[in-house]
Ligand SMILES: [Zn+2]
Ligand SMILES: [Zn+2]
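This is how it looks when you write it as structure tokens:
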């Protein structure tokens, strides 16, 4: 379980207390604790109760809550509030512009208890009539609701994966590990998850009835009785509404079921032996997943590539490329320091990379037009370069590359003169503002930046933020072609909130001969390891170590940049 989950629960608890009318002043202790947890360098799971208590800003009462969450997945005070307050009201907390005060007006004075009610009130213009709301606020809430409506109860992969661990930890207390298999979106490593799926195999020690009872009694789950069946328990996570499905299929078809729930629709729709894979698996009983591969005479496909994109090519050639692994990465590009909007100093970032075993860091703070992110004016570029020279002396076995995340301006130009651009070892070109564009405009703007001889890499290609905003529309085919033609590397931005380039385009990029780089876009040293989420995305598209830029050694990278400059 990650510290994030503990912080998340305390944050939700404070918000619910505020809804209940608690004085916000009294809730400050919780906010200090959340901040303290965010900054922790150790895993709370590894600390004892007395050690947690001693952390500044945490204290006994909060330490006890953390301890209880470790045991039960949730602490009872939060569980009680979640039981008491309607789920729809809890969801309202996530809506932009709705604080506790406003939600209370809706809930206690106007009987709003569901998001659907709120949506309807926007649609028939009655929300605007409530005192303190008005037309403008109604329009903003409506817009936010529409976007969130399609995303309710969905989580980023990184977040959902943590919840799947809580679920597995709970199951493991009664069922032996070997009888538990995670399937579904988590096993396929999809960027966004709306359901946790787990298979449990009953055995001589534990039967279905006992498992169902055990799940019914779980503190952090709510059962959905209507959706449960003979072979499946369904419900949701109390804290966030994430759906949970525990399957207990008959022994003779466990293989069929696990395969069915570890592949995407496009994969299952493939016709094999006159029927779709889906039909075969529904009709035929396979005891083990491997029996399915034998039946179709397939090679053993990793679950993340069973998506109907890259795998048929591998099946045909009877060879799966050796997919990229986290351990193949030898260095890091795309990280920010206190020179722009990062939390850690340049040296702290260097030391963090060394500690993680990396050979190099390509630092890329924001460029001058990113004023909101404290982007570097020319003078500060120069002082950063001086500091880089000093650090190179201090850490002679480590490569520190001079990079910049240059804004692509509205007309497609990069936001420094060539004279400055040529002082960097490499340039990541990204769009951060003027996001509202037609597909034609966005494509033209990006291609112009790709054609700039100083551009080494394209940063977060579509500008999307998962579950928050779609990217600008882009003719990705043309963008990939331009990168191939101009020898520009495309980054897979590994931030769990972006994961951009989308994996659905990775295969296409590889086909065109484009090299990809797994970049964490870290704004603090603690998120450098998020490259693992980018590796997931690369693997989904069939990415190998050879086609990944940051699997090269520091020396090779230095030579690459040197040659490129020529
Ligand atoms: Zn950026
Ligand atoms: Zn960045």
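Numbering (my numbering), first residue to last: -4 to 561.
Even for Gly, the Cβ is constructed at its ideal location relative to N, Cα and C.
Taking the Cα positions, residue 22 is about 27 Å away from residue 463. Taking 8 Å as the cut-off, the Cβ atoms of residue 409 and residue 422 count as close.
Each of 89, 96, 257 was checked against the Cα of residue 141, and the nearest Cα belongs to 89. By the Cβ test, the segment 344 to 354 is in contact with the segment 518 to 530, since at least three Cβ pairs between them sit closer than 8 Å.
Taking all protein chains shown into account, residue 159 has 16 or more neighbouring C-beta atoms within 10 Å of its C-beta and is therefore buried. Within the segment 488 to 536, the complete alpha helix (DSSP H) segments of 4 residues or longer fall at 501 to 506, 526 to 535, listed in chain order. Contact between residue 40 and residue 74 does not hold, since the beta-carbon distance rounds to 20 Å and is not under 8 Å. Contact check between the segment 107 to 119 and the segment 27 to 38: fewer than three CB pairs, one atom from each, fall below 8 Å, which does not count as touching. If you measure from each CB to the nearest heavy atom of ligand 2, the residues under 6 Å come out as 329, 331, 400, 516.
Within the segment 319 to 398, the complete beta strand (DSSP E) segments at least 3 residues long are 326 to 328, 355 to 361, listed from N- to C-terminus.
Between residue 401 and the set 212, 386, 220, 418, the nearest pair of CA atoms involves 418. Taking non-hydrogen atoms of ligand 1 into account, the C-beta of residue 427 is found less than 7 Å away from one of them. By a beta-carbon distance limit of 8 Å, residue 454 contacts residue 424. Their separation comes to about 6 Å. Residue 536 places its beta carbon less than 8 Å from that of residue 501. For residue 190, there is no enclosing alpha helix (DSSP H); the enclosing beta strand (DSSP E) covers residues 190 to 195. Our two residues, residue 225 and residue 196, have alpha carbons roughly 14 Å apart in a direct line. Under DSSP, residue 228 takes part in a beta bridge, and its partners are 241. Here residue 329 is near residue 515, since their CB atoms are less than 8 Å apart. Inter-residue distance for residue 233 and residue 56 is about 22 Å (C-alpha atoms, whole angstroms).
Here residue 129 has 123 as same chain residues with Cβ atoms under 7 Å from its own Cβ, once five neighbours each way along the sequence are excluded.
DSSP places residue 540 in the coil class of the three-state scheme, outside both helix and strand. Excluding its 5 nearest sequence neighbours in each direction, residue 252 has C-beta neighbours in its own chain below 6 Å: 244, listed in chain order. Residue 161 counts as buried, since no fewer than 16 other beta carbons sit within 10 angstroms of its beta carbon. Here residue 437 carries a helix assignment [DSSP, helix/strand/coil]. Judged by the Cβ position, residue 529 fails to qualify as a neighbour of ligand 1 at the 7 Å threshold, every heavy atom of the ligand being at least this far. Taking non-hydrogen atoms of ligand 1 into account, the C-beta of residue 26 is found less than 7 Å away from none of them. Counted as a single uninterrupted DSSP element, the stretch harbouring residue 185 is not any beta strand (DSSP E), since DSSP gives it neither H nor E.
At the C-beta level, residue 398 and residue 413 stay beyond 8 Å of one another.
Look at residue 452 here: in three-state DSSP terms it is strand. By the criterion of a C-beta distance shorter than 6 Å, residue 25 is surrounded in its chain by 5, 9, once the five residues flanking it on both sides are discounted. At least one heavy atom of ligand 1 sits closer than 7 Å to the Cβ of residue 455. A distance below 8 Å between beta-carbons, with the five flanking residues on each side excluded, links residue 231 to the following residues of its chain, in chain order: 148, 216, 217, 219, 237, 238, 239.
Residue 284 holds the alpha-carbon nearest to the alpha-carbon of residue 246 among 284, 185, 180, 265.
Collapsing the DSSP output to three states places residue 146 in coil. DSSP, reduced to helix, strand and coil, places residue 421 within a strand of the structure shown.
Its chain contains 337, 360, 518 as the residues whose beta carbon lies nearer than 6 Å to that of residue 331, once the 5 sequence neighbours on both sides are disregarded; these appear in chain order.
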